[in-house]
Amino acid sequence: MPNKFPLWKNLLVLLVISFGFIYAAPNLYPPDPAIQLSGQSGAMVIDEVVLQKVEGALDEAGIEYFAGEADGESALIRLRDIDLQLRAKEIIQAEMGGNYIVALNLAPTTPEWLSDLGGQPMKLGLDLSGGVHFLLEVDLNAALATRLESDLQDVKSALREERIRYRTFELKGQQLIGQFREAEEVDRATALIRANYRDLQPQFIQGQNPLSLVLKLSDIAAGDIEDNAIKQNLTSLRNRVNELGVSEPLVSRQGKNRIVVELPGVQDTAEAKRIIGKTANLEFRLESLDKAGEKFKFRNPSGQGPDARLQNKAVISGENVTDARASFDENGRPQVNITLDAKGGWQMGYATRDNIGRRLGVLFIEYKTRLDKSVDENGEVVITAVPFVEKNIISLATIQAQLGKQFRITGLDGQRESSELALLLRAGALAAPMYIVEERTIGPSLGADNIELGVKSVTLGMMMVLLFMLAVYKGFGVFANIALAMNLVLLVAFMSLLGATLTLPGIAGIVLTVGMAVDANVLIFSRIREELASGSSIQGAISSGYDRAFVSILDANITTLIVALILFLIGSGPVQGFAVTLSIGILTSMFTSIVMTRGFVNLIIGGRKIEKLWI
Amino acid sequence: MSQLKVYNFMGIRRYAVVFSALMLIVSSLSLYTQGLVLGLDFSGGTQIEVGYEQPANVAELRTKLETAGFDSPVVIHFGAETDVLIRMQGEPDQGLAERVYNVLQVDGEKVELRRVDFVGPQIGEELRDDGGLGMLTALALVMLYVAIRFQLKFSIGAVLALGHDVIITLGVFSLARLEFDLTVLAAILAVVGYSLNDTIVVSDRIRENFRKIRKATPVEVINESLSQTLWRTINTSVTTLLVLLALFFIGGELIHNFAIALMIGVGIGTYSSIYVAATVMLAMDVDREDLLEPVEGELVDDLP
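Chains as they are written, first to last, in the numbering used here: chain A, 1 to 615; chain B, 1001 to 1304.
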């Protein structure tokens, strides 16, 4: 029979429609404003007792809440009024104290049966939710240089132990160069390095005077060092981000040497920048007793602390600090408790044993970028980023006893200073310096505005297209319009299911898809009109109209998909959002405009005697 | 319904060539001499958007910022009279946004900090390279696909039509001194996709007619094909333009230029799919012979 779908095809259409409605549905439930409570360390238990304390504080302040829940690791309290969210946070923070992280959150309200099916609302990009985005570049050359510097010391002492005599051995660029007098010494050194330092590749440069031996890091070793540097930086960045109390932060590697940090919904952006942007390291150094060493300024902007001269050699560095907490001593004065790892504790003990009474300084090393303007040979102004290092003392305290794995710094001015110092100590461990290369801050109100504008333009665009199709294709316009509406539902369903992020350009992509999705139907209907004009029967015209138009639609959509794919590969953040919506839109629109409209047409017109097509 | 009217599109192709050539020359000249106004994404720098409750006087704000020691800030209205965009060279060091904010707030007016963007110079440069490279890759892949699915002459026609659209759209941006940022780059690539869509549909019909109509000159075949697809071309352009108008008027300032780029592109793309691709094919003496492949009945019957 002409123009009848077999049963399975009708069922398929039905299945896809219900799939679309189910997985698009979670977006209909607006999230509740909520407060999330978690502990500074994983060991803290957050249970019903903690929850009751929080609820008590909210009761007292007269803030309405509901559905508080605690699962041992964190607690979530939903609020009735979003305007009270900030105040609720302050109240809870004051009640619970500094050991708890209190974060603003938007709790999903997806009904249970939907979330059991894997349904979830679309994620909102930063431009819609508001928040901060940072792109940090890790200086991998610095990480390699640090490693080579320490290898250099090891190699030198190994050579001395083996009584292999060299004239000089130094770090030049990315390689170690040693100079020898005798060829036999070079051979022995080569053998020693081959045996004990697998990561270093010795290469003897023939026919030079003095004889030179060049050591390079093997590609594998260099790759490992770079990977480790990035990993360690990721870890310490995650720790810092946790300090901020953001509900769903993103810290991930991007490309070879970049790290992207996204903090949605952050209100106090200055605070976020202060902590993330702190690409820093720490060194504990003894104050020098003579003119040797280097003089540093105290970091305090009000200039309270004295400048001091510190030794060149560090006792330990930020990597060795495992924890630092602000607290109060027995007399109620602020102090910072520091815990070191085993190696750091041993080195600290060794260094302080004979130096009781001397002062120990904590040097805070910040890596910053300055932009310099210069004029190049073409007379154009070019701006180059010049990284520079700033070193300041953040603490200078007298050693009272031999220090070990755990010790404390006292004599601080106030609680603010002690918590700041604790934060800096915790945050200090970075394997390689980082520089901020991109930063975007979107205020929460701008995000809300963007959503509103997006929804408005999708609605208006959609309405105009629906009216146009009705006017031009009458009865078949209805089919096309149902397909178009269904396309939007499917697009939302797929984006929610895939966990794709909706951005403002993504909304633009949806709008554009709405405009372009009708193209397939326009093609098909034009074909049917042509077939009718050339005298085909009604059923024949429908059938060949769909068949003939299919090839054009396929070719046109595949080529557009190629373009969307490239857009995804070269784009970043928002532009990728656009590419994703465009690609999904192309695929769903092919289904709705070809298979689905055909199903409707078959159901209503197929197999019947009809005098005139209303097209 | 009456028999289809065949318009003599190709009869005026000489004028179309002159028109396109003129547009291309003007666009290229403008791009070569004054280039594009690069947005923050590509140029690097810092930009701060603030919102006032009352219409703001940008000249006054500029003077205020200069007095406060900021180096040549650019201050402009952004979308509305009450929104102001401040652009500066250099990195937002700690507290830059707050310092600007404080300067702007002196008269006790309520100011809202809406957005702070900083893009380092190396990122801008990479994006410029990646954007250009992406455009070329897209064109190359599309050319390959069309060459395989259709034929080389069609492929060259399609790619020249795309290049034509991209250069003219960029040219309009350069001439009108509109800002070129990442969203505009995305729009240009979407233009490539859209214009391609159009060209493919037209080419598809030309191929079909070359195979079907035996006694006709190439010019006649192409005229007939273009006439057959004319309403489809117009209707699709209209629906796309309708939604773009919606984006343009109420989509907000951030995607204003995105909508402009697409509107120009859709307009030019519609024209180029009629004139540029077909004219290029004719110039290369496209003929029935080019398409006599043994692909008869390539429509798969079971497909809906």
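Ideal placement from N, C-alpha and C gives every residue a C-beta, glycine not left out.
Just so you know, these numbers come straight off a predicted model, no measurement behind them.
Contact fails between the segment 1248–1264 of chain B and the segment 1128–1135 of chain B, because fewer than three Cβ pairs, one in each stretch, are under 8 Å apart.
Q203 (chain A) is bridged by DSSP to A:V214.
In its chain, beyond the 5 residues on either side, I356 have a beta carbon closer than 8 Å to the beta carbon of Q400 (chain A). Contact of A508 (chain A) with chain B is assigned, a C-beta pair being separated by under 9 Å. With the rule of 3 Cβ pairs closer than 8 Å, the segment 491–500 of chain A does not count as touching the segment 1004–1020 of chain B.
Note on geometry: alpha-carbon atoms of L582 (chain A) and V260 (chain A) lie some 24 Å from one another. Residue pairing for E1112 (chain B): DSSP places it in a beta bridge opposite B:G1051.
Here DSSP, grouped into helix, strand and coil, assigns Q52 (chain A) to helix. Rounded to whole angstroms, the Cβ separation of S543 (chain A) and N3 (chain A) is 6 Å, and the two are in contact under 8 Å.
Judged by DSSP in its simplified three-state form, Y100 (chain A) adopts strand.
The C-beta of K172 (chain A) has fewer than 16 other C-beta atoms within 10 Å across all chains shown, which makes the residue exposed. For F1258 (chain B), the nearest beta carbon of chain A is closer than 9 Å to its own beta carbon. Contact note: Y1007 (chain B) does not reach chain A at a C-beta cutoff of 9 Å; the least C-beta distance is about 15 Å.
Sequence-distant partners of V13 (chain A) (beyond 5 residues in either direction) whose C-beta falls short of 7 Å from its own C-beta, in its chain, are V595, M596 and G599. Here I91 (chain A) is near L58 (chain A), since their CB atoms are less than 9 Å apart. In the DSSP assignment, D1083 (chain B) forms a beta bridge with B:G1051.
At a cut-off of 9 Å, the C-beta of D1290 (chain B) has no neighbouring C-beta in chain A. One thing to note: D151 (chain A) has its Cβ within 9 Å of the Cβ of L215 (chain A).
Sequence-distant Cβ neighbours of S288 (chain A) in its own chain, meaning closer than 7 Å and more than five residues away, are R309, L310 and Q311. Minimum Cα-Cα distance from N281 (chain A) among the listed residues A:A229, A:F364 and A:V336 corresponds to A:F364.
Close partners of R1087 (chain B) in chain A (Cβ separation under 9 Å) are lacking, with about 13 Å as the shortest Cβ gap. The Cβ of V511 (chain A) sits closer than 9 Å to at least one Cβ of chain B. Under the DSSP assignment, K297 (chain A) falls outside any alpha helix (DSSP H), being part of the beta strand (DSSP E) whose first and last residues are E294 to F298. In this structure, G606 (chain A) sits away from F21 (chain A), with a CB-CB distance that is not shorter than 9 Å. It is roughly 16 Å from the alpha-carbon of N196 (chain A) to the alpha-carbon of R163 (chain A). At least one C-beta of chain B is nearer than 9 Å to the C-beta of V551 (chain A).
Nearest neighbour of A34 (chain A) by Cα position, chosen from A:V102, A:I225 and A:T235, turns out to be A:V102.
Taken residue by residue, none of the segment 308–329 of chain A has a beta-carbon sitting less than 7 Å from a beta-carbon on chain B. Contact holds between the segment 551–565 of chain A and the segment 1191–1211 of chain B, because three or more Cβ pairs, one in each stretch, are under 8 Å apart. Chain-ordered listing is empty here: chain B has no CB closer than 9 Å to the CB of G125 (chain A), the nearest sitting near 12 Å. Residue contact with chain A for R1114 (chain B): present (Cβ-Cβ distance below 9 Å to some residue of chain A).
Judged by DSSP secondary structure, S252 (chain A) falls within the beta strand (DSSP E) whose first and last residues are L250 to Q254. Less than 9 Å divides the Cβ of V1243 (chain B) from the Cβ of S457 (chain A). Here the C-alpha atom of I524 (chain A) lies approximately 40 Å from the C-alpha atom of A448 (chain A). Secondary structure note for P33 (chain A): its beta strand (DSSP E) is the uninterrupted segment D32 to G39. One finds A1186 in chain B with Cβ atoms closer than 7 Å to the Cβ of F578 (chain A), taken in chain order.
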